[in-house]
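Undergrad: So that we are looking at the same thing, I have put the structure below in structure tokens.
Protein chains in written order, with my numbering: chain V, 146 to 479; chain U, 146 to 479.
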């Protein structure tokens, strides 16, 4: 499979292990957007990068780092899985505009402007009101454009997302979420947002996280592929991708870190609740990386042609990285 | 003078020196709310605290730290100037709710929820739109109430200020600003905000920073005292105080730090402009701490009685610290 069709998963945050990397290869996965941090600050982000350095050394036969789109082809040729990094919050730059370029130098290709809460840059989808991109946020968008760091609004609120598209000269993405028409959840996106993302040249990575799905963990592959087909009508096939949000083998403490960071003295249950506080059950047809062929079969049965499946499963992600994860021409020439 | 009337200045940020501490005593100043930080993060805030430790050692004959209201009386009896600390931004807690109690333990009695920009807690007065107190902000307000750290909204936007008053169970203050009716500036406050501050039991410290004044550096003492009289009609005499915003002997680099922090690649001129980029000229009648008697004379000439002058010049600040810079009863008993 991996010799024929490029597969890129646009969001995973697992308890990384050799077993998981082997499963990626088994499932034909060529590259994964790995979440580096949720709320980690500069120092802690460097810790996470250090841990990945050691993983690339220990498992160099299975994985390699992706610093530009061409590295994905190189990984493929070497029979390895390319790993590219993204941050789910802007905590890796703290309050410092200069950190954007430094983090990009260290291989951070993608950054969300917010997690669920208000950040220094923009508003998250869990706040009651959204005043859009902040003064600092405008500067950071310009700087991300300049150095070639992709803007991800997966956890952002509506107005902030629309303004990010307005202010950015580069594509803006939603690496992992679903349309609100499929399930009305704070994390899912309105048609208006999805259209704006498409107009920006960005992409939507469809999430397989049960809280973002119709019928939750019981969501059928048929319903999931039908959602993709309806979204293709809205956004165009060239703006669709996969961002499974697979979080394998993580303890509950990681879920609590995602949801609470350091900002709350009370337990915040995020998309869950006090009586449903743990990780959701995985989907029967996407238990782990070995199940990507199921998804391809589902798309085929739903009537997608092979060229469209190529795009959704990986080519759109590859094109985005080629276009947007590069420094602006003026900077590249400097 | 200092033996008779208590004088507390509710905001200064000078290039601290023995000369300035001597001028405080000469002017009859008993205590000063000293800005500890503008945008300093946790580590940098500890640096500033360390510098102050050394100042208290080097100039122990002139100054002493204030950790509770009673320390101001103690300083007075010892013939020293009491120094109490405030932060002009919430950067000393970064993204961590637990830092509120720790910073309070270290003597941070006052914290602004924002400087001019959006913070993780609330919106600053330079943003174009204000969505109010954030999820993290609500937690921090509750925590500040719990540990007895005073909420200062001097640089915050209107809605955030009104919501801070709504959510806080303790008084909310504006340590240094003026009414918009005196000069319409982003940093000055509407009647609605001033009334809310008064209702909360808080206070307004009148600023002598020229950008907040009618006629800027040429503002007359008469106009200034007339502003105070008009504000007394609005807020009540028990909610008025002084917060001069004296910034003596600071280089332009400090002004640039105040205005730009680390968030901008372009120079932001704040209340100034490209052609007026430096510190404003000081007022002729309030050049430094030695001129506080001028202000008292001005208030007297404007018709304030001695009891009212006592309140404005220091007693209201003292009462506020007694009431609000203490842990909540439940905590104090624990």
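From the three backbone atoms N, C-alpha and C, an ideal C-beta is built for every residue, glycine too. All values reported here derive from a predicted model rather than from experimental measurement.
(1) To test your reading of the DSSP string, which unbroken beta strand (DSSP E) runs of 3 or more residues are found completely within the stretch 299-331 of chain V?
(2) Our contact map puts residue 321 of chain V next to residue 345 of chain V with C-beta atoms below 8 angstroms; I'd like the distance itself, whole angstroms only.
(3) What residues of chain U sit near residue 241 of chain V, judged by a beta carbon separation below 7 angstroms?
(4) Could you name the residues of the same chain whose beta carbon sits closer than 6 angstroms to that of residue 310 of chain V, not counting the 5 residues immediately before and after it, in chain order?
(5) From which residue to which residue does the beta strand (DSSP E) around residue 228 of chain U run?
(6) Rounding to the nearest angstrom, what Cα-Cα distance links residue 306 of chain U and residue 298 of chain U in this structure?
(7) With 7 angstroms as the limit, tell me which residues of the stretch 268-293 of chain U have their beta carbon closer than that to any beta carbon of chain V; keep them in chain order.
(8) Quick check: the stretch 430-445 of chain V against the stretch 363-371 of chain V, are there 3 or more CB pairs under 8 angstroms?
(9) If you count every other CB in all the chains shown that lies within 10 Å of the CB of residue 185 of chain V, and 16 or more means buried, which is it?
(10) So residue 233 of chain U contacts chain V; which residues on that side make the cut at Cβ distance below 9 angstroms?
(11) Tell me which same chain residues have a C-beta within less than 6 angstroms of the C-beta of residue 355 of chain U, skipping the five on either side of it?
(12) Which residues bound the alpha helix (DSSP H) around residue 194 of chain V?
(13) Is DSSP giving residue 269 of chain V helix, strand or coil here?
(14) Should the stretch 405-412 of chain V be called in touch with the stretch 237-244 of chain U, which here means at least 3 C-beta pairs below 8 angstroms?
(15) What is the C-beta distance between residue 375 of chain V and residue 357 of chain V, in whole angstroms, given that I count them as a contact (C-beta under 8 angstroms)?
(16) Are the C-beta of residue 146 of chain V and some C-beta of chain U separated by less than 9 angstroms?
(17) Locate the beta strand (DSSP E) running through residue 460 of chain V, then write down its first and last residues.
(18) Could you tell me the alpha carbon to alpha carbon distance between residue 216 of chain U and residue 158 of chain U, rounded to whole angstroms?
(19) According to DSSP, which residues form a beta bridge with residue 334 of chain V?
(20) What do you reckon, is the C-beta of residue 320 of chain V under 8 angstroms from a heavy atom of the ligand ZN?
(21) Does the Cβ of residue 315 of chain U have 16 or more other Cβ atoms within 10 Å, making it buried, or fewer, making it exposed?
(22) Locate the alpha helix (DSSP H) running through residue 180 of chain U, then write down its first and last residues.
(23) Starting from the beta carbon of residue 421 of chain V, find every residue of chain U whose beta carbon is closer than 8 angstroms, and list them in chain order.
(24) Along the chain, which unbroken stretches of the alpha helix (DSSP H) at least 4 residues long are found entirely within the stretch 379-459 of chain U?
(25) Sorted by chain position, which residues of the same chain lie with C-beta nearer than 8 angstroms to residue 244 of chain V's C-beta, five sequence neighbours on each side aside?
(26) On a Cα-Cα basis, can you pick out the residue from U:208, U:230 and U:200 that is closest to residue 178 of chain U?
(27) In angstroms, rounded to a whole number, what distance separates the CA positions of residue 313 of chain V and residue 273 of chain V?
(28) Among the residues of its own chain, which have a CB less than 6 angstroms from the CB of residue 389 of chain V, if the five just before and after it don't count?
(29) Kindly indicate which three-state DSSP category residue 472 of chain U falls into: helix, strand or coil?
(30) Take residue 397 of chain U as the anchor and find which of U:433, U:384 and U:415 has the nearest alpha-carbon.
(31) By a C-beta neighbour count over all protein chains shown, 10 Å radius and 16 as the cutoff for buried, is residue 253 of chain V buried or exposed?
(32) Quick check on residue 294 of chain U: does DSSP put it in helix, strand or coil?
(33) Considering only the alpha carbon of each residue, which of V:433, V:439, V:394 and V:432 lies closest to residue 423 of chain V?
(34) Assuming contact is defined by CB atoms lying nearer than 9 angstroms, are residue 226 of chain U and residue 166 of chain U in contact in what I supplied?
(35) Given that residue 184 of chain V touches chain A, what residues does it touch there, using C-beta distances under 7 angstroms?
(36) Please state the DSSP three-state secondary structure of residue 276 of chain U.
TA: Result, derived from the coordinates:
(1) Counting only runs of 3+ residues, the beta strand (DSSP E) found wholly inside the stretch 299-331 of chain V occupies 317-322, in chain order.
(2) Actually they do not touch by this definition, with Cβ atoms about 17 angstroms apart.
(3) Correct list: 407.
(4) Closer than 6 angstroms at the Cβ level, and outside the excluded window around residue 310 of chain V, lie 317, 341 and 345.
(5) Note, residue 228 of chain U: beta strand (DSSP E), 226-232.
(6) Linking residue 306 of chain U to residue 298 of chain U through their CA atoms gives a straight-line distance of about 6 angstroms.
(7) Cβ contacts with chain V: 268, 271, 272, 274, 275, 276, 277, 279, 280, 281, 284 and 288.
(8) Touching, yes.
(9) Its Cβ being crowded by 16 or more others within 10 Å, residue 185 of chain V is buried.
(10) Chain V residues near residue 233 of chain U: none, gap ~14 angstroms exceeds 9 angstroms.
(11) Beyond the five residues adjoining it in sequence on each side, residue 355 of chain U comes within less than 6 angstroms, by CB distance, of 361, 362 and 425 in the same chain, given in chain order.
(12) Per DSSP, the continuous alpha helix (DSSP H) segment holding residue 194 of chain V begins and ends at 187-203.
(13) Note: residue 269 of chain V maps to strand in three-state DSSP.
(14) Judged by pairs of C-beta atoms under 8 angstroms, the stretch 405-412 of chain V touches the stretch 237-244 of chain U, as three or more such pairs exist.
(15) Between residue 357 of chain V and residue 375 of chain V the Cβ distance is about 15 angstroms, and since that is not below 8 angstroms, they are no contact.
(16) Confidence in residue 146 of chain V is poor, its pLDDT being 41 and thus under 50, which makes the residue's placement unreliable; the coordinate value appears in the next sentence. Cβ-Cβ to chain U under 9 angstroms: no for residue 146 of chain V.
(17) First-last for residue 460 of chain V: undefined, no H or E at that position.
(18) Residue 216 of chain U and residue 158 of chain U: Cα-Cα distance of roughly 21 angstroms.
(19) Under DSSP, the beta-bridge partners assigned to residue 334 of chain V are V:324.
(20) Absent from the structure shown: the ligand ZN. Ligands present: none.
(21) Counting Cβ neighbours within 10 Å, residue 315 of chain U comes out buried, since at least 16 surround it.
(22) Not the alpha helix (DSSP H): residue 180 of chain U falls in the beta strand (DSSP E), residues 176-182.
(23) Neighbourhood of residue 421 of chain V in chain U, by CB distance below 8 angstroms: empty, with the nearest CB roughly 20 angstroms away.
(24) Counting only runs of 4+ residues, the alpha helix (DSSP H) found wholly inside the stretch 379-459 of chain U occupies 397-405, 437-446 and 451-455, in chain order.
(25) Result list for residue 244 of chain V: 187, 237 and 238, in chain order.
(26) In this structure, U:230 is the residue among U:208, U:230 and U:200 with its C-alpha nearest to the C-alpha of residue 178 of chain U.
(27) So the two alpha carbons sit approximately 25 angstroms from each other.
(28) Contacts found: 154 and 353.
(29) The three-state secondary structure of residue 472 of chain U, taken from DSSP, is coil.
(30) Checking every option, the nearest Cα to that of residue 397 of chain U belongs to U:415.
(31) Residue 253 of chain V should be labelled buried.
(32) Three-state DSSP puts residue 294 of chain U in coil, outside helix and strand.
(33) Looking from the CA of residue 423 of chain V, the closest CA among V:433, V:439, V:394 and V:432 belongs to V:394.
(34) One thing to note: residue 226 of chain U has its Cβ within 9 angstroms of the Cβ of residue 166 of chain U.
(35) The displayed structure is made up of protein chains V and U, and chain A is not among them.
(36) Note: residue 276 of chain U maps to coil in three-state DSSP.
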